[in-house]
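**Q**
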Amino acid sequence: MITRKSRHEISLMRSAGCIVAEALYEMKSAVKPGVSTAELDKIAYNIIRNNHAIPTFKGYHGFPASICASINEQVVHGIPSNDILLKEGDIISLDVGATFKGFVGDSAITVPVGIVEPELLKLMEVTEQALYDAIKKMIVNNNLSEASGAIEDCANQHGLGIVTTYGGHGVGHSMHEDPFVFNYRTGMPGPVLKSGMTIAIEPMFNIGTGDVHTLEDEWTVVTNDNKPSAHFEHTVLVADDGPVILTLAK
Ligand code: MG
Ligand code: MG
Numbered sequence: 011m012i013t014r015k016s017r018h019e020i021s022l023m024r025s026a027g028c029i030v031a032e033a034l035y036e037m038k039s040a041v042k043p044g045v046s047t048a049e050l051d052k053i054a055y056n057i058i059r060n061n062h063a064i065p066t067f068k069g070y071h072g073f074p075a076s077i078c079a080s081i082n083e084q085v086v087h088g089i090p091s092n093d094i095l096l097k098e099g100d101i102i103s104l105d106v107g108a109t110f111k112g113f114v115g116d117s118a119i120t121v122p123v124g125i126v127e128p129e130l131l132k133l134m135e136v137t138e139q140a141l142y143d144a145i146k147k148m149i150v151n152n153n154l155s156e157a158s159g160a161i162e163d164c165a166n167q168h169g170l171g172i173v174t175t176y177g178g179h180g181v182g183h184s185m186h187e188d189p190f191v192f193n194y195r196t197g198m199p200g201p202v203l204k205s206g207m208t209i210a211i212e213p214m215f216n217i218g219t220g221d222v223h224t225l226e227d228e229w230t231v232v233t234n235d236n237k238p239s240a241h242f243e244h245t246v247l248v249a250d251d252g253p254v255i256l257t258l259a260k
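Residue numbering for the sequence shown follows my numbering, starting at 11 and increasing by one per position.
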């Protein structure tokens, strides 16, 4: 069932989203060669706790940290560690969730570590573009599949692989609610969007194949060809006067 949030619930989600945005901003500012992914996790944890929120990911199906930190060929769900240090030329995807007064914000970015290859800059740029192309389709009475189609078109235009095993999701009362958001056209229309729906859109594009698998740690998802991957995500409200991104800084 797809829930529609009340004005009050949406204001709490916006607060959760602001905290997530601040955590991403501060982590992005801290990204440089030599920094460990555990240090980035600590930054996010402190910001979330200082804002009287709960790190949504911590303990979720046993996940041990407040963020997912996924480097290069890692797509999503990388576990932060003191032993994983960023290197010049890497790209790192940072995904974070915060629960404020029972409501969740979920957002992710991919950022460069120092100077990176132009091919990687393009991968990040196109993946972020796909996110915004999809958000533009989050309009009352549109079909959710139009957002999925926008993501697919963006990947195809630039010859990038789409990760099809993961996708976006309804969000709010919990991190993962109905509906699932495919990052490609399935041929099914999917649900019709109504005001008050809150949905996380999250394209994941790869330089090579879209095929992925999970490492032995049972979390980290990597590309099958070990080529780099990028991931961008926002929590979006479908409102009568158009889409509203809830995971933005104040
Ligand atoms: Mg996320
Ligand atoms: Mg998500």
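Even for Gly, the Cβ is constructed at its ideal location relative to N, Cα and C.
Tell me which residues share the same chain as Ile29 and place their Cβ nearer than 8 Å to its Cβ, disregarding the 5 neighbours each side in the sequence.
**A** Here residue 29 corresponds to residue number 19 of the sequence shown, with the count starting at 1. Cβ within range, chain order: Ile57, Ile58, Asn61, Ala63, Ala108, Phe110 and Gly115.
**Q** Give every residue of the same chain whose Cβ lies closer than 6 Å to the Cβ of Ser80, excluding the five residues on either side of it in the sequence, and list them in chain order.
**A** In the sequence shown, counting from the first residue as 1, residue 80 sits at position 70. Contacts found: Val86, Gly88 and Ser103.
**Q** Between Phe113 and Phe67, what straight-line distance do the alpha-carbon atoms span, to the nearest angstrom?
**A** In the sequence shown, the residue the question calls residue 113 occupies position 103. In the sequence shown, the residue the question calls residue 67 occupies position 57. Roughly 13 Å between the two C-alpha positions.
**Q** Closer than 8 Å is the cut-off here; do at least three beta carbon pairs connect the region 199-215 with the region 235-253?
**A** They touch, by the three-pair rule.
**Q** Taking just the CA atoms, how far does Pro43 sit from Gly178?
**A** By 1-based counting over the sequence shown, the position of residue 178 is 168. By 1-based counting over the sequence shown, the position of residue 43 is 33. Each residue's alpha carbon lies about 30 Å from the other.
**Q** Where the beta carbon is closer than 6 Å to any heavy atom of ligand 2, which residues qualify, in chain order?
**A** Per the Cβ criterion, the list is Asp116, His179, Ala210, Glu212 and Glu243.
**Q** Could you check how far apart the C-beta atoms of Leu154 and Gly182 are, in whole angstroms? I think they sit under 8 Å.
**A** On the sequence shown, position 144 is the one that residue 154 refers to. On the sequence shown, position 172 is the one that residue 182 refers to. Contact doesn't hold; Cβ gap of about 16 Å is too wide.
**Q** Using CA atoms only, rank isn't needed, just tell me which of Glu135, Ile217, Thr233 and Ile161 is closest to Thr196.
**A** For the purposes of this step, residue 196 is identified with residue 186 of the sequence shown, where counting begins at 1. Closest option to Thr196, Cα to Cα, is Ile161.
**Q** Between Thr174 and the rest of its own chain, which residues show a CB-CB distance below 7 Å, the 5 nearest in sequence each way excluded?
**A** Within the sequence shown, residue 174 is the residue found at index 164, counting from 1. So the list reads Asn193, Tyr194 and Gly220, once near-sequence residues are dropped.
**Q** For Ala118, is the beta carbon positioned less than 6 Å from some heavy atom of ligand 1?
**A** Counted from its first residue, the sequence shown places residue 118 at position 108. Ala118: yes, Cβ under 6 Å from ligand 1.
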